[in-house]
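Numbering (mature numbering (1 follows the signal peptide of the UniProt record, and there is no 0)), first residue to last: -25 to -1, 1 to 585. So the structure is just underneath, and the comments pick up after that.
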């Protein structure tokens, strides 16, 4: 973390002096300001602050250089020193100020430039961002390595904060180390580690530094090889971990945890195996069941069984340990707060990794402390029998998925010219600021799918209105951009607004830190640059909007005449698409006859039984 030091203040002050002295009409007494006096005020300021001598000396040399450039004939080029010399300096300053040594024959003022002397102030004033409080883990490692090369006696900003804490084992003073970091593709976290030098007790914990997410998350990973065992796990205190193959469920704990899949399983094995000798004596049946569970987990890790461990310890077969195949299994992280995460490999398209969000139940909101049990349910709105008009805004009472308090969802019907009717829904919570909007089709399901192809040639095409339903996919072949069906949900905006939203979503999750490979990062940055050039229409490109339900739309600038830059084609949905949309099991014709036949067959069976 960067902090504003007296040295940084002085650099910024000198930068301001350079800016003033670079004005064409500048004089040392310009507009009644005595820059000679300002120079000594800054020197006095550094004599009063508690800063290291090296910093004071470097700043004073910088100020002396500036003073010599502006007042070459003045004896004020000297610098003051702490102590008794300070009083003498003030007397000399007053004498020079009274004698008014300022003359008309002044040197040319220095041009304002970002020199090496001013770069520290420039960088601190322009690059400090809130995200620097949570640097990526890779940046923290680099800073830690650099700090080892710094000589003793020089000040070095600590990457990890250390706090003395009481050890709960021996009640002596230990040390807690805290690291504020950002996990790529996830969020900011605080990693804490405690160690007691007296008794050797160690402990670690992880806490979320962000807000509770609007929805819960269910992260699923399929572990198939040893590489999958190295996937990182961020487990919050509200996360429930399940391994279906073992019928094993780990309930939420009192503290968070940062580990790997292998580390999690080994912790479970260590906890269960600790009391096995006692169980073998007092409860042999339980010992047998737990031992069978431990053997299954050892097989998942590729470890030898107990009877094989002796050979491994004696050196026999130790080289073949890594060749032992692991037992495939599935791990699920269910967290209502959304603050748990399982690392994916490569990209979010990892075939062995899935992430699903779900709305929290009222009981889960109570457990998270978002609402009290007295707030259960929202008050039902009064039912009205009046006819609904097109200009009427409908209100639906509900519950905020973020904070759990009662809110209203507003809905309005909108007719799009030369298209169909849609429903626009909007939700806004006054308590927590949660916002959401969605677009739904207000008409029947189309018999065929629809694919719209638009050739974008200038910025005018970016202003076209676009309706992307929650079942539509978007492609831009020129930059290999593919948004699968359902990505971003339903949106009613312009083409520029949709592409800008895609860029913002991806740029916030840019690969960073130690979890990325160099080639992957470069390719992803190139993709973002191509997407940005497309948004600026630096080159022509093609937009393909594919919707199996034909509920998407791109505005035609020539309607009702054909648009030369846009083509639309209909196609028959495949069986898989109908199955995904739930249309294969829907029967809209002849269902009355089927119901009548079932009724007749039921009566016949009843008569036969009688």
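C-beta: ideal position from N, C-alpha, C; glycine also. A quick note: this is a predicted structure, and the numbers were derived from the prediction, not measured.
Check                                                                                                                                                              : Outcome
Between residue 467 and residue 442, is the Cβ-Cβ spacing less than 7 Å?                                                                                           : yes
Any heavy atom of the ligand HEM within a distance shorter than 6 Å of the CB on residue 167?                                                                      : This structure lacks the ligand HEM, and indeed carries no ligand of any kind.
Tell me which same chain residues have a C-beta within less than 6 Å of the C-beta of residue 193, skipping the five on either side of it?                         : 309 and 331
Residues in the same chain with beta-carbon distance under 8 Å from residue 503, minus the five sequence neighbours each way, listed in chain order, please.       : 478, 481, 482 and 485
Is it right to say residue 148 is buried, meaning 16 or more other beta carbons lie within 10 angstroms of its own, or is it exposed?                              : exposed
Nearest to residue 141 by alpha carbon, out of 154, 166, 174 and 163?                                                                                              : 174
Exposed or buried, which one is residue 550 when buried takes at least 16 other CB atoms within 10 Å?                                                              : exposed
Are residue 429 and residue 509 closer than 7 Å when you measure CB to CB?                                                                                         : no
Report the three-state DSSP secondary structure of residue 246 (helix, strand or coil).                                                                            : helix
Please name the residue in 547, 419, 393 and 325 whose C-alpha comes closest to that of residue 537.                                                               : 393
Just tell me which of 172, 464, 206 and 277 has its CA closest to the CA of residue 446.                                                                           : 464
DSSP three-state call for residue 416: helix, strand or coil?                                                                                                      : strand
Could you tell me the alpha carbon to alpha carbon distance between residue 401 and residue 514, rounded to whole angstroms?                                       : 35 Å
From residue 340 to residue 155, what distance separates their C-alpha atoms?                                                                                      : 27 Å
Is the segment 412 to 425 touching the segment 383 to 399, taking contact as three or more C-beta pairs under 8 Å?                                                 : yes
Within 8 Å, do at least three Cβ pairs link the segment 218 to 230 to the segment 319 to 337?                                                                      : no
Within 10 Å of its beta-carbon, does residue 410 have 16 or more other beta-carbons around it, so buried, or fewer, so exposed?                                    : exposed
Taking all protein chains shown into account, decide if residue 318 is buried (16 or more other Cβ within 10 angstroms of its Cβ) or exposed.                      : buried
Check this for me: beta carbons of residue 231 and residue 163, under 7 Å apart or not?                                                                            : no
So which of 530, 558 and 207 has the shortest CA-CA distance to residue 391?                                                                                       : 530
For residue 248 and residue 269, I'd like the C-alpha separation in whole angstroms.                                                                               : 8 Å
Under DSSP, the beta strand (DSSP E) around residue 516 begins and ends at which residues?                                                                         : 516 to 522
Take residue 262 and list the residues in its own chain whose beta-carbon comes closer than 7 Å to its own, dropping the five residues that flank it on each side. : 251, 254 and 255
Along the chain, where does the beta strand (DSSP E) that runs through residue 255 open and close?                                                                 : That residue, residue 255, is in no beta strand (DSSP E); its alpha helix (DSSP H) goes 251 to 257.
Can the beta-carbon of residue 165 be found closer than 7 Å to that of residue 315?                                                                                : no
Determine the burial state of residue 516: buried for a count of at least 16 other Cβ atoms within 10 Å of its Cβ, exposed for fewer.                              : buried
Pick from 533, 139, 473 and 144: whose alpha carbon is nearest that of residue 153?                                                                                : 139
Could you round the C-beta distance between residue 300 and residue 277 to whole angstroms and report it? I think they count as a contact, below 8 Å.              : 7 Å
Under the three-state reduction of DSSP, which class applies to residue 303: helix, strand or coil?                                                                : coil
Would you kindly check if the distance between the Cβ of residue 426 and the Cβ of residue 544 is under 7 Å?                                                       : yes
What separation, rounded to the nearest whole angstrom, lies between the Cα atoms of residue 452 and residue 196?                                                  : 30 Å
Closest to residue 520 by C-alpha separation, out of 458, 414 and 216, would be which residue?                                                                     : 458
I'd like to check one pair, residue 523 with residue 476: are the Cβ atoms closer than 7 Å?                                                                        : no
Quick check on residue 360: buried or exposed, where buried means 16 or more other Cβ atoms within 10 Å of its Cβ?                                                 : Low local confidence applies: a pLDDT of 46 at residue 360 is under 50, so the model's placement there is unreliable, with the coordinate-based value given in what follows. The residue in question, residue 360, is exposed, as its Cβ has fewer than 16 Cβ neighbours within 10 Å.
At the level of alpha carbons, what is the spacing between residue 378 and residue 279?                                                                            : 48 Å
Whose C-beta lies closer than 8 Å to the C-beta of residue 127 among residues of the same chain, with five residues either side of it excluded?                    : Reliability fails at residue 127, whose pLDDT of 46 lies under 50, so the model's placement of it is uncertain and no value is given.
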